[in-house]
Amino acid sequence: MMDRLAYLWPEIALFIAACVVMVVGISPSAATRRLAAVFAGLGVVAAGILAWTTTPSGNAVTASSGQVLLPSLALYAKVGIAIVALLLLLLKPGTVDRAEEAAIELGVQKFDALRTNRAEFFSFFLFSIMGLMLVAGADDLIWLFLALELTSLPTYIMVAISGGAGREPAARAQEASVKYFFLGALGAAVFLYGFAMLYGATGSTNLNAIHASLTTGGVSGLALAGLIMSVLGICFKIAAVPMHFYTPDVYQGASPSVAGFLAFVPKTAGFLSLLLLASMVGWTWAPGENGLTVSGGGASLPEPLRILFWVIAALTMTIGNVLALQQKSVRRILAYSSIAHSGYMLVGLIAGPGDGSFTRNGVAAVLFYLFCYGVMNVGTFAVLSGLERKTRDGQMSEIDSIEDIRGLCATHPRLGWPMALCSLSLLGFPPLLGFWAKLPLFTSAISAGEIILVIVLGLNSAIAAFYYLRLFGAVLLEKPEASAGEVSASPFVSRRVAAMVSAALVVALVVVVGQLTDASRKAAAPKVEPAASATIPASMNH
Amino acid sequence: MMLAVLILIPLAAAVMVAVAPASRARSIAMVGMLGVAVMAGYLLFSFDWEHTAAQQFALDEESSRLVPSLGVSLSMSVDSISMMLVALTALLGPICVAASKTAITERLKTYYAWMLVLQSAMLGVFCARDMIFFYTCFEFTLIPMYIMISLWGSTNRKKAAAKFFLYTFTGSVIALAGIVYVAWSYADRHGMWTFDADTLMRWSRSLPAATQGWVLGALLLGFAVKVPLFPFHTWLPLAHTEAPTAGSVILAGVLLKLGTYGLVRFAMPFAPAAFVGHAPFIAAVCVVGILYGGLICWVQTDVKKLVAYSSVAHLGFCVLGLASCNVMGVTGSILYMINHGLSTGALFLLIGMVYERYHTRSMKELGGLAAKMPVWSTFMVFFAMASVGLPGLNGFVSEFMCLFGAFQASDQWGAGMWGTAAGQTPGATPGHLGAWVAAIAGTGMVVAAMYLLYMVGKVVWGPLVEPAGHSSHGADAHGHGSHEHGGLPRDLTGREIGVLVPLAALCIVLGVYPSPVIKALKDPVALTTDEVVNFGKARMAMPLVPPANVVPAGHQEGDPHGAGEPAPAHAVESKETAR
Amino acid sequence: MGFMMTLSTILATLASPIAALAQSEPVHAAQQEAGHAAAKMEAIAAPGVGPLWLLLIPVLPLVGFVLSALCAAFKVKSKLPAWLTVLCLGASFAVTLAMYLQISSGQIANPSVATGFEWIRVSWGLGDAHSIVANFGLYIDSLTCLWMLFVTGLATLIGLYASEYMAGDVGAGYCRFFAAFNLFVFSMSCLVMGDNLLLLYLGWEGVGLCSYLLIGYFYKKPSAVEAGKKAFIVNRIGDLGLALGLMLTAVHFGSIEYSVIFAKAQPYLTALSEGRLGDIPAVVQLIPVLLMIGAFGKSAQLPLYVWLPDAMEGPTPVSALIHAATMVTAGVYLIARTYPLFLLSETALPIVAWTGALTALLAATIGMAQFDIKRIMAYSTVSQLGYMFAGLGVLTSGGAAFHVFTHAFFKAMLFLSCGAVMHGFAGQLDLRKLSGVGSMPGWRVVGIAMLVGCLNLAGFPVITSGYWSKDMILGEAFANPHMVAIGWILLLTAGLTAYYTFRVYFRVFVGPKYFEPGDEVHGHGGGDHGSHGADAHGADAHGHKAHDEHGHEGHGHDAHAHFHPHAPGWAINTVLAILAIAAFAVIGLRFVGGHEGWVSGLIEHSSANYAGHAMYAAAASHAGAGGDEHAHATFFGYDAHTAMMYVSGVVGFIGIAVAFVLHFVGRTTAAKSRADALLPLVGPLAKWAQGKWYVDELYNAIIRVPLLVLAHLFHLIDKAIVDGIVDLFGWVPKFTGSSLRPSQSGVLHGYALSMAGGLAVLVLIVVMVMK
Amino acid sequence: MNMLASIPGAMDAVISGTTLAQASAPAPMAASQLAHYLFVSAALFAIGLIGFLTRRNLIIMFLCTELMFQAAGVALIAFSRFHLNMTGQTFVIFILTVAAAEAAMALALVVLLFRRRESLNAEEFSEMKG
């Protein structure tokens with residue numbers, strides 16, 4: 001029992017932090033209420049440190065204590081999640097009840113513990129991050145199901161209450177939450193049924209057991225159906241094509257800080273679970289001549305599953321990019337770009353682990369891309385949330401259309417340049433982080449022999465160049481629209497800090513790309529019984 | 001180490017410009033550019049001219065390692081080909097800054113900062129020996145140019161800038177795919193990733209001809225968009241008409257050379273068998289480009305568009321020289337890169353000067369400026385003659401060598417009707433081009449005369465025609481008051497003449513006494529042509545004596561049969577090519 | 001003035017060294033005459049090393065150019081550039097003379113090479129066998145001396161003439177004129193003295209550039225600019241042929257230096273002389289055909305002659321020097337220099353001969369029908385050049401060279417006289433508006449010069465040098481059995497030449513005095529075409545008003561009363577006098593030195609030598625007539641040469657007589673003459689001839705217009721298709737984007753439905769793949 | 001639905017194959033019996049899906065998703081009995097808790113929406129599009 005607990009220290013820390021934040025949130029004194037965010041931050045940092053220190057990885061993971069398919073996945077994932085969560089926290093979705101807080105200060109309105117939901121927002125934030133870390137550590141279908149639900153339920157609420165003051169934004173937020181919740185529930189039902197079928201086919205919900213039964217007994221029809229249903233269900237989380245319809249409306253409806261959260265957390269949860277499912281059903285390891293070659297070379301996923309992934313990847317990339325071309329609203333552009341990026345990551349998934357060296361390993365490429373995407377995306381959403389404009393009825397509403405961010409480098413350089421750099425990095429422009437993230441996708445797909453997919457990937461990055469260029473051009477080159485209302489920076493300094501930190505990371509991380517790629521390669525490395533296989537040849541960890 | 005300094009100077013200057021107040025932007029930019037010029041001069045001075053084929057000033061291995069797992073390193077080194085182009089870039093830098101004194105009046109800081117960034121990116125391209133570093137700099141030149149065109153362009157600059165960026169970006173993504181494919185196949189065989197140019201060259205040479213065909217296709221497509229070769233040239237006239245003067249000078253002077261430099265430095269050695277096989281196709285595209293571009297020039301009304309299309313025609317010659325795969329042709333094309341940079345750059349400067357005075361580029365509104373601007377007309381006639389290829393000026397030397405290279409490169413000289421009884425034609429080299437290609441391309445020289453004289457005849461000679469707002473009242477005797485706003489007197493100012501004189505001097509010197517440059521290019525060109533024609537046997541055969549100032553770069557780690565740095569030039573005597 | 005005297009004495013003393021040369025000569029000629037069958041061509045001697053001071057000849061004009069350019073830069077307002085030019089060219093002439101003396105006295109080896117510096121050297125293999133070398137060096141032999149003598153000599157004289165002629169533009173354009181003038185002489189000397197074909201090519205295009213600049217000197221006039229452009233482009237077409245020939249030589253002989261080419265051509269020459277024609281590969285036979293295209297372009301022969309008449313737009317000194325005497329002979333020089341190559345080819349020389357003859361005839365017919373005296377002189381130049389090419393074609397390179405020499409002098413004189421007339425009568429050139437100029441006060445010298453020139457051009461028997469040089473060509477034409485047809489054409493042309501020459505003389509220089517001032521655009525004191533924007537010329541001393549654009553035609557008539565022609569000054573008169581004397585003095589050269597005179601003596605010692613009779617048999621044989629033995633066609637039984645002496649004289653005389661009858665007898669006014677009565681008899685021919693056989697229009701229709709249409713078509717294709725495809729690539733994603741956009745309808749159920757539909761489709765795909 | 005067709009075939013493979021947690025005590029369930037249960041759960045799932053797609057009222061739509069959750073529960077219990085181990089049933093317990101949590105959340109959301117829009121028709125919420 002105790003070794004199972006070793007997995008959960010970070011989640012426990014988050015849980016405690018969530019409760020503390022909730023209590024702090026309803027304290028009568030405004031000062032303590034404002035501390036809620038600080039406590040949340042402390043919680044995330046603690047979780048990060050605990051994850052770094054306590055999570056067992058590599059050979060330490062035994063069959064009983066966790067899933068041995070991708071043993072060191074949990075360590076890399078949890079630490080990465082903690083870092084990006086910290087950045088997301090900086091977005092500080094403070095617009096939730098700013099008017100109310102202001103009214104309270106003026107004494108117009110008495111503080112009513114029941115009505116305020118500022119601190120609850122942070123607790124939901126922490127619960128969702130906890131769910132995400134649980135997904136990373138999941139080794140059982142039930143655990144995985146619960147973790148996925150724990151990740152998404154808080155997000156439904158965050159979307160609903162993130163509308164902030166003002167009639168019109170609140171209405172839009174509620175519409176977004178409706179769509180998100182109901183379609184989310186549909187998705188959940190689908191993958192639950194898939195899990196059920198998987199259990200039915202193999203008789204156990206433990207991932208290692210299922211893996212063993214599938215590899216020995218072969219993938220039966222029921223198991224395959226279960227797999228397909230669960231993959232399609234999870235596609236909702238990563239906004240892959242058939243299930244992508246909610247994304248633009250939700251990202252536009254919710255406030256940009258929440259949209260940033262949605263762009264990272266459910267997507268990571270989805271991809272981690274897909275990785276677990278795929279490694280459960282395929283990728284059996286055999287130490288190869290120069291490192292590990294997967295039996296049947298990379299494409300050991302059962303053929304139908306591979307075709308499914310292939311079609312979803314191609315469609316997601318293309319539809320995501322193509323629909324983003326004519327959008328007028330920056331939020332919708334970023335929504336479609338997040339769909340497109342899911343498509344890119346699916347390519348890595350199809351490429352499979354290869355021989356374990358970084359550039360042949362699709363799984364490592366996906367993990368590395370997830371982290372880089374998280375960092376880049378926070379920058380763009382931070383910029384959006386950092387700006388607001390006075391609407392007709394005097395309320396401060398958050399900006400939406402591309403006209404609002406024209407000439408940002410001139411008016412608000414601290415927000416303009418991060419948007420410029422992050423959009424270039426999302427485009428995959430060479431010196432920035434995005435390029436180094438996309439390059440392994442190219443190389444792993446080529447080594448897996450998916451030439452057509454590489455061509456589609458190349459074409460899509462060319463199409464994507466167009467709307468990222470529009471963002472880059474709007475921010476850097478065009479003059480701000482005189483007619484539009486005066487766009488001012490929102491009072492929350494932390495959002496500008498988040499934007500600048502993310503822009504700095506996009507540039508600075510290039511230097512440590514070597515170390516990062518090694519970390520993601522280790523994360524994707526299989527569990528190798530020390531006795532059975534020879535030590536990994538020197539060139540492997542080159 | 002010195003190359004890293006060379007590339008960092010403009011970047012540092014760019015940062016200083018960004019920080020400094022707008023008023024001092026231009027002077028800092030000039031200091032930065034002059035710093036680059038001085039550094040380039042020092043490099044030229046300390047370059048070991050005996051071993052021109054050797055990669056000199058190379059960074060030592062350890063400090064340049066960037067992404068070990070991908071084998072990407074910041075390895076930089078330069079041989080005489082790159083040295084020449086670095087010198088050209090260093091020369092055009094200060095000229096552009098000086099030329100844009102009156103043209104650019106608002107957002108000075110952005111303009112000069114991005115021009116300095118562009119300068120360092122271009123220098124990076126010429127010094128890069130690592131494919132990813134080359135690709136990064138190659139891509140990075142797009143941003144500054146995009147900004148320059150879309151901020152200081154004229155009417156539909158947005159469309160021109162977007163088309164320029166997307167067209168070149170797509171092209172270079174395809175080139176990247178080619179490079180990555182080669183790197184992957186190397187890693188597949190050797191288990192270890194590297195993007196070092198020499199290693200990949202040696203490896204991709206040994207690939208079967210079919211795969212080489214694909215690699216060449218990808219690289220050729222990527223660089224053809226940049227050169228621009230015939231079907232991919234439509235972005236150039238648009239970009240030129242919309243770019244500011246200095247932007248056009250740099251675009252024509254150096255950016256187009258990235259494409260041809262890429263072809264000679266990477267496309268040819270990477271896929272020698274495919275290149276020789278497809279040489280006739282490439283030559284055909286060039287010849288079409290020459291005549292097609294030339295004839296279109298002839299019917300243009302916008303002077304800048306005319307000179308832009310003339311660049312398409314001229315670079316057709318340049319790549320034709322490459323397609324001939326012999327020393328004459330390749331030396332001619334490298335010389336052509338330099339000469340085209342000088343003469344077309346100067347033409348754009350001249351057009352810019354007229355644009356600053358009369359704010360029009362249409363040949364309908366301008367005419368007979370010799371009466372009003374004699375000094376400008378002298379320079380215009382001079383540089384038109386240089387670019388039409390008048391012997392005695394630089395254009396002729398390179399144009400003749402390219403044509404003669406194409407003429408020479410044919411197997412027909414040995415046999416059949418063309419052959420000789422003794423079967424021995426000393427002047428011939430193996431290849432598939434020959435007399436007809438040179439003859440048709442030669443008509444390009446006539447077409448060049450047609451459109452350039454049409455332009456000079458319309459703009460310089462003939463009765464005086466001035467745009468509506470500027471015509472000083474009739475043929476008044478003393479023409480003192482000049483109506484041109486922008487405070488520019490009628491004829492060229494001292495600054496403008498100062499900008500043009502160095503270019504003119506170089507045109508004459510390179511035209512009358514080009515032999516030192518030809519001698520300097522001899523070895524690297526011999527190496528490249530040898531690599532293309534007989535797949536680098538010469539390089540293999542070279543003994544391992546590193547020249548003086550090359551930091552012993554040592555073998556590419558883990559590459560068993562690497563022959564290390566190519567050795568002194570005199571050992572390079574490619575075999576008897578004539579049969 | 002002192003200089004003038006030394007010049008004439010030099011001419012007079014020419015005889016002495018030639019005499020020395022002559023002694024050694026006859027023996028050799030005779031011996032050659034006798035042993036025709038077994039005579040072996042002595043190879044062109046390997047070149048000795050020439051002294052470096054020879055480089056002064058091209059360098060001095062370059063110095064002149066630089067100085068004039070500096071004058072232009074510093075806006076010099078005096079005649080300084082003119083004196084600088086005359087000084088430099090005179091010095092260059094002196095050095096040429098010294099060179100000639102040293103060559104003829106043997107102090108410098110006959111073919112010798114003086115190399116300055118290395119221009120282009122590209123080697124692609126081991127040693128010299130695989131490298132192309134083009135040095136900035138001089139190849140000196142007697143042919144070079146001959147050519148450089150009259151180039152630099154005439155340039156000096158015409159420079160002096162131009163100093164006064166262009167006086168009107170002193171402030172504006174004067175320096176530019178003399179700069180281009182000097183550059184021209186430098187290019188011409190590079191062309192003539194270059195030791196390799198590439199330096200010849202440099203000179204070739206250099207003279208093309210200078211003719212472009214000088215034709216376009218009056219750049220205010222659109223027609224001048226157009227003419228300049230036409231000249232440059234037509235020359236460029238010729239240059240392309242020359243370039244390809246040069247490349248073929250380089251590929252075949254491995255080098256482009258004359259010394260190496262002649263050495264390597266030697267085996268072929270011996271094969272030729274022994275009648276083994278099969279040994280000469282087709283490639284070698286192609287080289288002269290390509291070089292010929294270049295020669296035709298530059299020397300305005302049949303296909304590419306259209307630019308020369310338009311080149312008359314330039315100032316007269318330019319027409320005289322460049323378009324009459326020196327530049328146009330470049331083609332003749334090229335063929336003479338590379339004569340051994342031409343001999344190797346069976347087809348080359350006959351083509352040259354036929355082109356020359358046809359051009360001569362065509363140009364003569366056009367010349368007869370023109371009214372502008374300068375245009376007539378231009379067509380006569382084209383016609384005389386046709387003679388020279390015919391001379392080369394019929395293997396008398398000596399005769400052709402002699403004709404070049406004589407033609408240079410008398411044609412320059414004719415042009416300068418016409419120029420003086422135009423200068424004096426404010427640009428009037430129409431022979432229907434001028435009459436009796438010779439007898440007007442102050443025009444005496446011009447009249448006499450014109451008479452001498454016309455006599456020479458018409459080939460008046462015995463007393464004119466033109467007669468002797470034309471006779472040599474005609475003689476040789478008739479002597480060669482296969483070239484008799486050409487002989488007859490040339491004879492007919494001689495008659496026509498005599499007619500149109502004296503048509504001009506009798507209409508303009510004699511007869512009743514009458515004149516109308518021209519539109520003053522060309523003449524002295526023209527409008528403000530000075531490029532320095534200096535103040536306009538204001539009232540000229542002689543009352544010509546400065547007109548900006550075209551003067552008013554009408555002005556001429558009413559001004560009849562108070563306009564009086566401006567007689568030429570001392571500079572023009574002395575130059576004309578010298579040229580007249582020279583035209584006569586040259587006759588002497590025919591009889592001095594060498595079998596056929598001084599000029600052919602020089603030719604025999606140069607690479608153009610092989611005109612010796614020994615070659616006769618070989619040329620005859622490979623011209624396909626079955627070389628039995630040295631058949632020497634006869635002219636109606638008489639020996640061709642002697643017969644021609646008389647026949648050509650008679651034909652010339654007839655031509656003059658016809659012109660006299662038609663244009664002098666009974667002519668009362670300038671406008672009308674008896675010739676006009678004959679017009680209806682001739683019918684449309686006259687109109688066609690006047691329209692220059694519509695060759696310009698033909699070229700325009702079959703070359704320029706189609707190219708223009710093609711260019712517009714390409715422009716359209718480029719904008720629509722090539723750009724279209726690129727935009728299409730840009731448009732496709734946008735289109736799919738906009739078509740897919742409605743899928744985001746915003747309605748919850750729509751999404752749910754499409755999600756479920758998507759799932760179904762995917763499952764279907766997976767199942768299909770499973771099958 | 002083709003999935004249903006494939007289940008009996010799967011059953012034979014399972015039976016012949018070795019299932020891990022073969023409980024000792026109660027007699028193994030016959031494949032045909034399992035098929036009945038699975039048929040019921042599939043039907044429930046289908047009804048839930050169709051209900052979700054057709055009905056406009058938000059509460060009814062939520063109930064349909066609940067139906068789909070319960071369908072999975074039924075299937076799980078059937079499999080648990082079939083495999084004779086308790087994992088399936090524990091899974092169902094968790095499903096119930098999660099369903100309850102979702103129900104609470106759904107109703108809270110519905111209350112929030114109703115206060116704003118006075119109606120629960122799904123068509124109301126479709127301003128954002130494109």
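Chains as they are written, first to last, in our numbering: chain A, 1 to 542; chain B, 1 to 579; chain C, 1 to 771; chain D, 1 to 130.
Even for Gly, the Cβ is constructed at its ideal location relative to N, Cα and C.
Please read these numbers as outputs of a predicted model, since none were measured by experiment.
Identification of chain D residues near valine 747/C by a Cβ-Cβ cut-off of 7 Å yields Glu123 and Ser126, ordered along the chain. Shown here, lysine 159/B sits in a helix according to DSSP, grouped into three states. Within its own chain, the residues whose Cβ lies closer than 7 Å to the Cβ of aspartate 130/B, once the five positions on either side in sequence are excluded, are Val72, Ser73, Leu74, Ser75, Phe195, Asp196 and Ala197, listed in chain order. Excluding sequence positions up to five before and after leucine 157/C, its CB lies within less than 6 Å of the CB of Val575, all in the same chain and listed in chain order. Fewer than three beta-carbon pairs drawn from the stretch 336 to 352 of chain C and the stretch 363 to 381 of chain C are found closer than 8 Å, and the two stretches are therefore not classed as touching. Short of 7 Å from the beta carbon of threonine 136/B, and not among the five residues preceding or following it, lies no beta carbon of its own chain.
Within 7 Å of the CB of leucine 107/D, no CB atom of chain C is found; the nearest one sits about 18 Å away.
Using beta-carbon distances, phenylalanine 195/A does not count as an interface residue toward chain C, since no partner is under 8 Å. CA-to-CA, the gap between phenylalanine 184/C and leucine 142/B works out to about 47 Å.
Against valine 178/A, the close residues of chain D are Leu58, Leu109, Leu113, Ala122 and Phe125, in the order they occur along the chain (beta-carbon pairs closer than 8 Å). For serine 338/A, the three-state secondary structure derived from DSSP is helix. Contact with chain C is found for phenylalanine 52/D, since one of that chain's Cβ atoms lies less than 8 Å from the residue's Cβ. About 25 Å separates the CB atoms of isoleucine 518/B and valine 287/B; that is not less than 8 Å, and the two are not in contact. Rounded to the nearest angstrom, the gap between the Cα atoms of leucine 216/B and leucine 521/B is 24 Å.
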